[in-house]
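Undergrad:
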Amino acid sequence: MTEVRVPWVLPEKLGAYQAQRLGDGGQGIVYGVPDPAGLFPGQTLVYKEYRKNVVYSADALYEMVCFRQRLTPGERAFLDERLTWPTVLVYRGPNPQDPVPSRNQGTEVVGFLMGRVPASYQVRIPPLNEAKPQAMQYLLNDDAYATRIGLLVDDVRRLELLLDLARTLDWLHRRQVVIGDLSPNNVLFTLQGPQGEARCLLIDCDSMRCLGRDVLDQVATPDWEVPDTEQKATPASDSWKFGLLAARIFSRSFDSTDLVPLRAVSTELANLASRAQSLDPVRRPALIEWLKPLELAHNRAGQQQAAAQAAQAFRAAQAQAQAQTQTSQPRAQARTGAQPPTGGSPAAGFAQSTPASAPPLRRPAPSSAGGKVVGWLLAAVLVGGVGGYAVTHMHPTGGSGSGSPTTLSASPYSDTTDTPGPTGPTTDDPTPTPTPDQAVTTGATVDYSQVADDPAAEDVATMFAKFFGAINEHDYDNALKYYDPNSAAVDLGSSSSRAQWKKVMSTTRDSGFMLSALTTDGGYTMATLNFRSHQAAGYGPSGSTDDTCDDWTVTYQLTDTDGYRILKAPKGGVSYTSC
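Here numbering that gives the first Met the number 0 is used: the first residue of the sequence shown is 0, the next is one more, and so on.
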């Protein structure tokens with residue numbers, strides 16, 4: 000058995016700690032430790048001293064310190080980042096001669112040292128502006144109050160916090176540690192993790208059950224108790240309380256059991272929360288069951304947020320373009336006597352349409368110059384030019400494809416071939432068998448599981464599957480049916496424009512489609528699609544022309560006058576990364 004060395008320290012070795020009083024609770028007093036006596040370099044510690052009338056097990060506390068010491072360095076780092084775990088025993092009396100506290104006559108364990116709560120887990124609430132622990136209980140207030148105190152947290156970040164907490168609880172459960180008194184008072188949070196992520200910090204760790212032993216009697220926070228008939232501090236009791244937290248963090252309530260707000264975020268999460276409230280502990284979901292649904296819900300919410308932001312940027316640009324047009328038209332009339340045009344596309348985009356006399360676009364030969372021409376083609380589509388490849392991949396010259404491409408999220412790509420270039424129809428391959436939340440056609444399958452709750456999800460996914468499937472099968476006339484007649488990507492009434500579009504589209508093949516976000520705004524549907532493209536070297540995105548494989552995130556603007564159709568992809572809603 001691996002030898003474990005447990006550090007012990009006398010209170011007088013901690014410096015003038017009594018002048019550093021940080022908190023005062025029913026079990027003990029917490030002090031800052033100004034002087035760790037050189038025993039614990041690089042650590043910022045606090046000392047919890049138990050009150051004399053508190054009954055606690057020093058041997059169980061010793062086992063908690065041993066638990067941490069037995070972990071691997073990586074596991075210990077995980078524990079220290081997410082829990083204020085006991086690290087050092089504080090004692091009075093003779094120096095201990097035996098590692099187990101109860102075997103040392105006259106020596107009394109009076110408390111322990113633990114890591115100090117970082118400043119990023121603290122909040123200053125006006126008007127006093129004193130630093131307080133930033134506990135999850137603040138997230139149970141309504142948004143109006145959260146705005147007043149400067150602590151408004153959107154649903155994307157709330158999902159991120161729940162996911163981080165679920166991962167921590169699962170990690171602990173697999174190591175026979177149970178929280179017991181899991182409540183929003185004992186879970187702190189930050190939105191400023193090491194990588195800017197949302198992260199949770201569990202405090203009051205001496206109240207947890209570690210390896211079946213308790214330091215203190217198990218208690219429960221009011222309104223967070225498990226049924227009286229069952230045992231406290233079990234994985235099932237943690238599941239009960241995590242289900243309550245998942246529901247209340249979206250209902251913005253301290254005591255509600257209403258699952259409607261959570262169901263609006265994710266049906267699967269609401270179903271898990273409902274199971275967590277089963278009176279039969281065996282029927283409650285283990286914490287590991289929450290991880291994948293939380294990941295999917297977080298990714299979906301993030302994509303929906305990005306799509307909404309893209310739509311907002313599109314509206315702003317459209318309003319600016321309209322204002323500029325209204326300013327310039329009277330001047331043009333004064334000079335030429337011409338009347339301003341009427342009618343036209345309801346979505347002019349970012350510039351006026353390409354004139355009918357614009358020269359046809361040519362597909363370049365595979366060379367270093369090819370990427371420049373393709374880049375011009377794609378930029379032309381963004382300003383209303385003619386070209387099909389761009390409305391499929393839609394990236395602006397010098398934009399996200401140049402310099403620092405945006406990293407994609409939630410893209411379960413299945414296509415791993417490294418061979419670029421055109422690929423003909425695979426008539427020998429049968430059409431894949433549909434599975435739930437997939438739209439399947441010959442040539443393409445679109446997974447819409449991340450937006451399955453949206454009533455439009457299946458129809459939108461089916462449209463994309465038919466569009467990209469027809470392109471992959473070289474059935475271009477059928478693919479063109481999925482453009483809106485007002486689309487600037489191709490003039491559907493021009494045989495030369497259609498021919499040029501077909502020529503451009505004949506050299507790419509796309510796969511791994513994931514419909515990750517859907518929003519409806521102003522009569523249009525904004526749909527975010529993740530997918531992978533293969534193309535020959537020299538035909539990659541502008542700024543990465545030698546790419547033969549790219550992963551894309553494209554937010555399309557769709558119309559729905561006679562079924563869903565592609566109108567355009569607003570500028571700012573396109574990103575890619577090389578694969």
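Glycine is no exception: its CB is placed at the ideal position from the N, C-alpha and C atoms.
Between the C-alpha atoms of V264 and P292, what's the straight-line distance to the nearest angstrom?
TA: Cα to Cα, the separation comes out at about 11 Å.
Undergrad: Could you give the uninterrupted runs of the alpha helix (DSSP H) lying entirely in the region 70 to 112, keeping only those of 4 residues or more?
TA: Those alpha helix (DSSP H) runs which fall completely within the region 70 to 112 and span 4+ residues are 72 to 81.
Undergrad: According to DSSP, which residues form a beta bridge with D213?
TA: In the DSSP output, where bridge partners are listed per residue, D213 has R208.
Undergrad: Starting from R274, trace the alpha helix (DSSP H) both ways and give me its first and last residue.
TA: Its alpha helix (DSSP H) spans residues 266 to 275.
Undergrad: From A526 to V122, what does the alpha carbon distance come to, in whole angstroms?
TA: Roughly 37 Å separates the two Cα atoms.
Undergrad: Taking all protein chains shown into account, do 16 or more other C-beta atoms lie within 10 angstroms of the C-beta of F253, making it buried, or fewer, making it exposed?
TA: F253 comes out exposed.
Undergrad: Cα-Cα, which of K47, L187, S250 is closest to A269?
TA: Among K47, L187, S250, the Cα nearest to that of A269 belongs to S250.
Undergrad: Does the region 505 to 517 come close enough to the region 298 to 308 that 3 or more CB-CB pairs lie under 8 Å?
TA: Flag = yes, the region 298 to 308 and the region 505 to 517 touch.
Undergrad: Using a Cβ-Cβ cut-off of 6 Å (strictly less than) and excluding sequence neighbours within five positions of E267, which residues of its own chain qualify?
TA: Same-chain partners within the cutoff: P292.
Undergrad: Only counting the same chain, and skipping five residues up and downstream in sequence, which positions put a Cβ closer than 6 Å to that of C580?
TA: With the chain covering only 0 through 578, there is no way to say anything about residue 580.
Undergrad: Please identify the residue among V177, N184, D205 whose C-alpha is closest to the C-alpha of Q230.
TA: Among V177, N184, D205, the Cα nearest to that of Q230 is on V177.
Undergrad: So, at 8 Å on beta carbons, what are the nonlocal neighbours of D97 in its own chain, with the 5 sequence-adjacent residues on each side left out?
TA: The residues are N103.
Undergrad: Taking the straight line between their C-alpha atoms, what separation do you get for Q17 and Q133?
TA: Taking the straight line from one Cα to the other gives about 24 Å.
Undergrad: Does the distance from the C-beta atom of V32 to that of L112 stay below 8 Å?
TA: Yes. Within cutoff.
Undergrad: Taking Cβ positions, are P85 and C204 nearer each other than 8 Å?
TA: Contact flag set, yes.
Undergrad: Pull up the distance between the alpha-carbon of M135 and that of L150, whole angstroms please.
TA: Rounded to the nearest angstrom, the two C-alpha atoms are 11 Å apart.
Undergrad: Could you check what DSSP says for K47 in three-state terms: helix, strand or coil?
TA: Reduced to three states, the DSSP call for K47 is strand.
Undergrad: Take every Cβ of the region 228 to 247, pair it with every Cβ of the region 158 to 168, and state whether three or more of those distances are shorter than 8 Å.
TA: Flag = yes, the region 228 to 247 and the region 158 to 168 touch.
Undergrad: Hey, A451 and D436 are a contact pair by Cβ (cut 8 Å); roughly how many whole angstroms apart?
TA: 5 Å between Cβ atoms; contact.
Undergrad: Quick check on the DSSP output: the beta strand (DSSP E) that includes Q556 runs from which residue to which?
TA: Per DSSP, Q556 belongs to the beta strand (DSSP E) from 548 to 559.
Undergrad: Let me check understanding here. Comparing Cα to Cα, which of Q311, R147, G192, P126 lies closest to R156?
TA: The residue with the shortest Cα to Cα distance from R156 is G192.
Undergrad: Have a look at V585 and N52 and give me their C-alpha separation to the nearest angstrom.
TA: Not covered by the structure: residue 585. The range shown for the chain is 0 to 578.
Undergrad: Which residues in the same chain as P95 place their Cβ atom closer than 8 Å to its Cβ, once the five residues preceding and following it in sequence are excluded?
TA: Closer than 8 Å at Cβ, skipping near neighbours: W7, N103, T106.
Undergrad: Alpha carbon to alpha carbon, what distance is there between G110 and I287?
TA: Cα-Cα distance, rounded: 33 Å.
Undergrad: Helix, strand or coil for G242, going by three-state DSSP, please let me know.
TA: If DSSP states are grouped into helix, strand and coil, G242 belongs with the helices.
Undergrad: Could you round the C-beta distance between G179 and A232 to whole angstroms and report it? I think they count as a contact, below 8 Å.
TA: Correct: roughly 4 Å between the Cβ atoms.
Undergrad: Taking just the CA atoms, how far does T554 sit from G25?
TA: Answer to the nearest angstrom: the Cα atoms are 54 Å apart.
Undergrad: Might you give, ordered along the chain, the residues of its own chain that have their beta carbon closer than 8 Å to the beta carbon of D458, omitting 5 neighbours on each side?
TA: The residues are G562, Y563.
Undergrad: Can you tell me which of the three DSSP states T518 falls into?
TA: Correct three-state label for T518: strand.
Undergrad: Quick one: residues in its chain with C-beta nearer than 7 Å to the C-beta of D559, no 5 flanking neighbours on either side, listed in chain order?
TA: Around D559: T524.
Undergrad: Per DSSP, what are the beta-bridge partners of K131 in this structure?
TA: DSSP output for K131 lists V122 as bridge partner(s).
Undergrad: Is the Cβ of F111 closer than 8 Å to any Cβ of chain B?
TA: The chain labelled as chain B is not found in the depicted structure, where only one protein chain is given.
Undergrad: Just tell me which of S486, L295, K501, V45 has its CA closest to the CA of Q609.
TA: Because the chain is modelled from 0 through 578, residue 609 falls outside the range shown and cannot be assessed.
Undergrad: Return the Cβ separation of V64 and V5 in integer angstroms, given the expectation that the two are a contact with Cβ distance under 8 Å.
TA: With a Cβ gap of about 5 Å, V64 and V5 count as contacting.
Undergrad: Looking at K47 and G27, is the spacing between their C-beta atoms short of 8 Å?
TA: A contact, by the Cβ cut-off of 8 Å.
Undergrad: Taking the alpha-carbon positions, what's the D154 to L171 distance?
TA: Taking the straight line joining both Cα atoms gives about 26 Å.
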